[in-house]
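A.B. asks: This is the structure I have questions about; it appears just below.
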């Protein structure tokens with residue numbers, strides 16, 4: 001009888017865990033971009049570019065983050081909110097990220113990004129995107145064909161804040177503190193090992209309500 005109860009309880013717990021994982025993925029999934037409602041010469045928007053591949057929220061969990069000052073972030077207006085992209089860019093800069101400017105989104109040209117936002121990156125920018133995802137945990141991950149390591153943060157209609165946790169700030173501090181050591185040993189024979197960040201801290205950094 002006790003064994004049966006334990007099995008049932010275990011099943012309920014796993015159901016709750018999987019349910020919460022599905023809930024957070026649903027809450028951070030964005031809509032596909034709509035077709036332009038007007039040509040670029042009329043709308044004043046850039047010509048629409050392809051979105052890329054939408055990824056699972058945990059897609060970069062095994063990727064090592066880099067220091068925020070190594071991450072060039074361009075903030076994009078995907079929701080039509082005036083000046084919001086510039087203000088978010090300033091906020092990210094205050095957390096140590098390198099600003100790459102703000103612009104209108106060339107993917108969601110109708111300002112119809114219906115979610116918190118998207119972090120877009122290419123193969124060279126996976127570690128940079130991992131770092132940004134710790135600071136903006138409600139943004140969907142999108143991989144595209146860009147060749148550089150820069151990342152874009154596109155702001156959606158549900159965006160209200162970057163939702164930075166204390167754990168995320170702690171990770172940023174650890175990464176920033178490691179930079180002088182890395183720079184001092186750059187070019188030396190020995191490999192400079194990045195700081196070891198606990199999996200628990202990385203998990204808690206993105207544990208927010210989206």
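Residue numbers (the UniProt record's numbering): 1 to 210.
Virtual Cβ for every residue (Gly too), placed ideally from N, Cα, C.
Under the three-state reduction of DSSP, which class applies to residue 209: helix, strand or coil?
C.D. replies: Translated into positions along the chain shown, residue 209 becomes position 209. It is coil, neither helix nor strand.
A.B. asks: Report the rounded CA-to-CA distance for residue 174 versus residue 88, giving the unit in angstroms.
C.D. replies: Position 174 of the chain shown, counted from the first residue, corresponds to residue 174. Position 88 of the chain shown, counted from the first residue, corresponds to residue 88. Rounded to whole angstroms, residue 174 to residue 88 spans 23 Å at the Cα level.
A.B. asks: Grab me the residues of residue 106's own chain with a C-beta within less than 6 Å of its C-beta, minus the 5 sequence neighbours each way, in chain order.
C.D. replies: Position 106 of the chain shown, counted from the first residue, corresponds to residue 106. Once the five neighbours on either side are set aside, the close Cβ partners of residue 106 are 46, 49.
A.B. asks: Can you tell which of 23, 152, 35, 208 has the C-alpha that lies nearest to the C-alpha of residue 165?
C.D. replies: Counting from one through the chain shown, the residue named residue 165 turns up at place 165. Selected option, being the one with the closest Cα: 208.
A.B. asks: Does the Cβ-Cβ distance between residue 180 and residue 66 come in under 9 Å?
C.D. replies: For the purposes of this step, residue 180 is taken as residue 180 along the chain shown, with counting starting at 1. For the purposes of this step, residue 66 is taken as residue 66 along the chain shown, with counting starting at 1. The Cβ atoms of residue 180 and residue 66 lie no closer than 9 Å to each other.
A.B. asks: Spatial neighbours of residue 147 within its chain, please: C-beta separation below 7 Å, excluding the five flanking residues on both sides.
C.D. replies: Sequence index remark: in the chain shown, residue 147 carries index 147 (1-based). Once the five neighbours on either side are set aside, the close Cβ partners of residue 147 are 122, 124.
A.B. asks: The beta strand (DSSP E) with residue 102 in it runs from where to where?
C.D. replies: Stepping through the chain shown from its first residue, residue 102 is reached at position 102. It spans 98-104 - the beta strand (DSSP E) in which residue 102 sits, taken as one unbroken run.
A.B. asks: Does the Cβ-Cβ distance between residue 64 and residue 140 come in under 9 Å?
C.D. replies: For the purposes of this step, residue 64 is identified with residue 64 of the chain shown, where counting begins at 1. For the purposes of this step, residue 140 is identified with residue 140 of the chain shown, where counting begins at 1. Taking 9 Å as the Cβ cut-off, residue 64 and residue 140 do not qualify as a contacting pair.
A.B. asks: Run through DSSP, which three-state label would residue 197 get?
C.D. replies: Numbered from its first residue, the chain shown carries residue 197 at position 197. Coil at residue 197, not helix or strand.
A.B. asks: If we call anything under 9 Å between Cβ atoms a contact, is residue 52 one with residue 143?
C.D. replies: Translated into positions along the chain shown, residue 52 becomes position 52. Translated into positions along the chain shown, residue 143 becomes position 143. Taking 9 Å as the Cβ cut-off, residue 52 and residue 143 qualify as a contacting pair.
A.B. asks: Going by the DSSP bridge assignment, what does residue 109 pair with across the sheet?
C.D. replies: Here the question's residue 109 lines up with position 109 in the chain shown. Paired residues: none, contrary to the question.
A.B. asks: In whole angstroms, what is the alpha-carbon distance linking residue 91 and residue 38?
C.D. replies: As a working mapping, residue 91 is identified with position 91 in the chain shown. As a working mapping, residue 38 is identified with position 38 in the chain shown. Their backbone Cα atoms lie some 33 Å apart in a straight line.
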